[in-house]
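Colleague: Numbering (the numbering used here), first residue to last: 2 to 310. Backbone N, C-alpha and C fix where the C-beta goes; we use that ideal spot for every residue, glycine too. The model shown is predicted, which means the values in this text are computed figures rather than measured ones. Starting off with a structure, shown below.
This is the structure:
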């Protein structure tokens, strides 16, 4: 019996390294890699699984560059991540950081698509083993946002995933939403306690609640009921809100600055952002009313908030 026990222990010890090795290979085989496209509306990414020829940084970087620069890789109902004419010229590796240099046609990309594209680039390269951060240069100079500020180094946390899968898990939150008074010229805060699915972002819930309307007497709606939220991105301290044309076409009979700042103030109050830009069907050069140019970035507006009586 003792000899049998010693034999079994010896066999177990001998098998441990191979068992551990097989577990490592199993974990590697479970890793899923993706190529990214842009949907037809250019509002979000579409992922498609792919299998690298070899799961190493040395192999996957050239493989990813070839895919992104290939103008023939279009798929039905999807668009290439990089529009035709835009291509990655070169790259540089610095430890766990990769720097990409892209040609100057990059700056011709509409702003709404550029944010989606940039997220796709980050997600593409940060899935490569050994790559943890990324920055982009355009024609040899650091990428700048539409306000002229350097974008700088990006990580997995640079872009919030704002649309999740359905889930039975809920979270509790207290939100401050901004509606308008009976004159339609002032903002009035309304505190709302909510349970909502964890798969939903707080920002999306805020917009949906603004569309749903007020729940307090003396407060009035600011957004049309048929408004659709296409896309939300919170990055670099800026909230990008892409909504349907109902924002303009079915605007309520209130001062034009009220809907704009109702959105801006409500989002800024709840998130770590400082400004908000609103797109209409992906277009940023839209005039709302006679005074509100949606190309502008809107900060917190205290003056429009009605003083407490």
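Once DSSP output is grouped into helix, strand and coil, what is the label at residue 114?
Modeller: In this structure, residue 114 counts as helix in the three-state DSSP scheme.
Colleague: From which residue to which residue does the beta strand (DSSP E) around residue 233 run?
Modeller: 230-236 is the span of the beta strand (DSSP E), which, as asked, contains residue 233.
Colleague: Specify the secondary structure class of residue 120 as computed by DSSP and reduced to three states.
Modeller: Residue state, collapsed to three classes: helix.
Colleague: How many whole angstroms separate the CB atoms of residue 118 and residue 83, which I take to be in contact at a CB cut-off of 8 Å?
Modeller: Indeed they touch by this definition, with Cβ atoms about 7 Å apart.
Colleague: On the criterion of 16 or more Cβ atoms from any shown chain inside 10 Å, does residue 262 qualify as buried, or is it exposed?
Modeller: Result: buried.
Colleague: At what residue ranges does the segment 217-271 contain a whole run of the alpha helix (DSSP H), taking only runs of 4 or more?
Modeller: The segment 217-271 contains these whole alpha helix (DSSP H) runs: 247-250, 258-271.
Colleague: With 16 other CB atoms within 10 Å as the buried threshold, where does residue 268 fall?
Modeller: Buried is the call here.
Colleague: Quick check: the Cα distance between residue 95 and residue 204, rounded to an integer number of angstroms?
Modeller: For residue 95 and residue 204, the distance between alpha carbons rounds to 35 Å.
Colleague: Classify residue 154 as buried or exposed, calling it buried when 16 or more other Cβ atoms lie within 10 Å of its own Cβ.
Modeller: Classification for residue 154: exposed.
Colleague: Tell me the start and end of each unbroken beta strand (DSSP E) in the segment 76-109 that is at least 3 residues and wholly inside, in chain order.
Modeller: The segment 76-109 contains these whole beta strand (DSSP E) runs: 89-95, 98-103.
Colleague: Per DSSP, which one or two residues make a beta bridge with residue 193?
Modeller: In DSSP, residue 193 forms a bridge with 176.
Colleague: At the level of alpha carbons, what is the spacing between residue 60 and residue 133?
Modeller: Near 17 Å, if we compare the C-alpha coordinates of residue 133 and residue 60.
Colleague: Please confirm if the segment 248-260 is in contact with the segment 173-186, defined as three or more CB-CB distances below 8 Å between the two stretches.
Modeller: Touching, per the Cβ criterion.
Colleague: Which of the three DSSP states is assigned to residue 48 in this structure?
Modeller: Here residue 48 sits in strand by DSSP.
Colleague: Mapping the DSSP letters down to three states, classify residue 275 as helix, strand or coil.
Modeller: Residue 275: coil per DSSP, three-state reduction.
Colleague: Tell me the rounded alpha-carbon separation between residue 55 and residue 130.
Modeller: Looking at the two C-alpha atoms, the distance is approximately 11 Å.
Colleague: On the three-state DSSP scale, how would you describe residue 40?
Modeller: If DSSP states are grouped into helix, strand and coil, residue 40 belongs with the strands.
Colleague: Just the Cα atoms here: how many angstroms apart are residue 89 and residue 301?
Modeller: Taking the straight line joining both Cα atoms gives about 37 Å.
Colleague: Let's test the definition: count the other Cβ atoms within 10 Å of the Cβ of residue 141 and tell me whether it reaches 16, buried, or not, exposed.
Modeller: Exposed is the call here.
Colleague: How many Å lie between residue 217 and residue 191 at the Cα?
Modeller: Rounded to the nearest angstrom, the two C-alpha atoms are 7 Å apart.
Colleague: Which residue's Cα is closest to the Cα of residue 43: 52, 63, 81?
Modeller: Taking only the C-alpha atoms, the option nearest residue 43 is 81.
Colleague: For residue 121, which of 299, 31, 72, 40 has the nearest alpha-carbon?
Modeller: Ranking 299, 31, 72, 40 by Cα distance to residue 121 puts 40 first.
Colleague: Indicate the three-state DSSP secondary structure (helix, strand or coil) for residue 308 in the structure shown.
Modeller: Coil at residue 308, not helix or strand.
Colleague: Could you say if the segment 218-228 and the segment 275-289 meet the contact criterion of at least three C-beta pairs nearer than 8 Å?
Modeller: Touching, no.
Colleague: Under a three-way DSSP split, which group does residue 152 fall into?
Modeller: The answer is coil: DSSP assigns residue 152 none of H, G, I, E or B.
Colleague: Out of 151, 138, 52, which one is the CA nearest neighbour of residue 92?
Modeller: With distances taken between Cα atoms, residue 92 lies closest to 138.
Colleague: Name the DSSP beta bridge partners of residue 281, please?
Modeller: Note: residue 281 sits in a beta bridge opposite 244, 284.
Colleague: Is it the case that the Cβ atoms of residue 194 and residue 212 are separated by a distance below 8 Å?
Modeller: No; because the gap between Cβ atoms is not below 8 Å, this pair is not in contact.
Colleague: For a quick check, are the C-beta atoms of residue 244 and residue 231 less than 8 Å apart?
Modeller: Going by C-beta atoms, residue 244 is nearer than 8 Å to residue 231.
Colleague: Within 10 angstroms of its Cβ, does residue 234 collect 16 or more other Cβ (buried), or is it exposed?
Modeller: So residue 234 ends up on the buried side.
Colleague: By DSSP, does residue 188 sit in helix, in strand, or in coil?
Modeller: In the structure shown, residue 188 sits in a strand (DSSP, three-state: E or B).
Colleague: Taking the alpha carbon of residue 199 as the point to measure from, which residue in 214, 172, 241 has its own alpha carbon closest?
Modeller: Nearest C-alpha to residue 199: 172.
Colleague: What's the call for residue 181, buried or exposed, on a 16-neighbour Cβ count within 10 Å?
Modeller: Buried, by the Cβ-count rule.
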